[in-house]
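Everything below concerns the one structure shown next.
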Amino acid sequence: PATWAAVPPSALVASGVVLAGLALCVAASRRGRTPPLARSLAGAGALVAAAGPSLSGHTRAVEPQLLLIAVDVLHVLTGGVWLGGLVGLALALGSARVRHAQAVGVLTRFSALAAGLLGLLVISGTILAWRIVGTWEALFGTGYGRLLLAKIALGVVAVALAGWNRFVLLPSARSERSRDGTVAPGRRRIGRVVAAEAAVLALVVGVTGFL
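Just so you know, the numbering used here puts 158 at position 158 of the sequence shown, and the rest follows in order with no gaps.
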């Protein structure tokens, strides 16, 4: 009880908001939901869950507070779409039940989306770092700043993997053909790189937890 009593109320509210958002996403997946209703529930749940972490932590201690919360929600949401999309993409690329042309088409569309997501992540992350860290000395001379640099380095690795997929592996996979029940070699290589990219982003989430 003493441990729970020491938790700031804002942290409990943030956790409750995240759980409420996830509950909406689970409700969207129940059988019998029409596609428009399922999409609406899932979208609302994602927005609510993404807003939760911004109700507690460093963004509440920096001015202008409303701007920082809005930017933080955007940062979490775009990162979630990138990571979640990669997980879904890795599953689709590794499944022989998904036709080769479909898998390559989805990868092509996601690559275009990921470019926009990356832009939003960089812009929102730069604004957050500028307002929270404040100075170059704090960026290189504090534990928070060094963790932030580690997060940025991991992000660069993820972007490099995404670029390798988009500009090297994807063009060759487009020219491949695969029989039913098999996965083409080029597509399998892309799937492994996508899985590696998702793993790196999972590490980014871990570092963000320490931040």
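Glycine included, each C-beta is placed from N, C-alpha and C at the ideal position.
The structure presented is a predicted model; accordingly, all values stated were derived computationally and were not measured.
- Gly145 carries a helical assignment under DSSP once its states are collapsed to helix, strand and coil.
- The alpha-carbon of Val156 is positioned some 10 Å away from that of Ala150.
- With respect to the 8 Å criterion, Phe210 and Leu118 are not classified as neighbours on the basis of their beta carbons.
- Exclusion of the five residues before and after Ala14 leaves Gly52, Pro53, Leu55 and Ser56 as the residues of its chain whose Cβ lies within less than 7 Å of its Cβ.
- Counting of Cβ neighbours within 10 angstroms places Thr135 among the exposed residues, the total staying below 16.
- Per DSSP, the unbroken alpha helix (DSSP H) holding Pro185 starts and ends at Pro185 to Phe210.
- If the five residues before and after Gly45 are omitted, its C-beta is found closer than 6 Å to the C-beta atoms of Gly21, Leu24 and Cys25, all from its own chain and listed in chain order.
- Arg174 has its alpha-carbon roughly 8 Å from the corresponding atom of Ala101.
- Taking each of Arg99, Ala195, Leu12 and Thr208 in turn and checking the Cα distance to Val87, the smallest one comes out for Ala195.
- Taking C-beta separations shorter than 7 Å and ignoring five residues to either side along the sequence, the partners of Leu169 in its chain run Gly186, Arg189, Ile190 and Val193, following chain order.
- Note that the stretch 70-82 does not touch the stretch 37-44; fewer than 3 beta-carbon pairs, one per stretch, sit closer than 8 Å.
- With a threshold of 16 other beta carbon atoms within 10 Å, Thr78 meets it and is buried.
- Straight through space, the alpha carbons of Val62 and Gly141 are spaced by roughly 20 Å.
- Of the candidates Leu113, Val104, Phe167 and Arg109, Val104 places its Cα closest to the Cα of Arg177.
- The C-alpha of Ala28 is placed about 26 Å away from the C-alpha of Arg99.
- In the DSSP annotation of this structure, the continuous segment of the alpha helix (DSSP H) that includes Leu86 starts and ends at Gln65 to Leu93.
- Contact check for Ala158 and Leu201: beta-carbon distance about 5 Å, within the 8 Å limit, so the pair qualifies.
- If you look at Arg39, you'll find it in the alpha helix (DSSP H) that goes Pro35 to Ala51.
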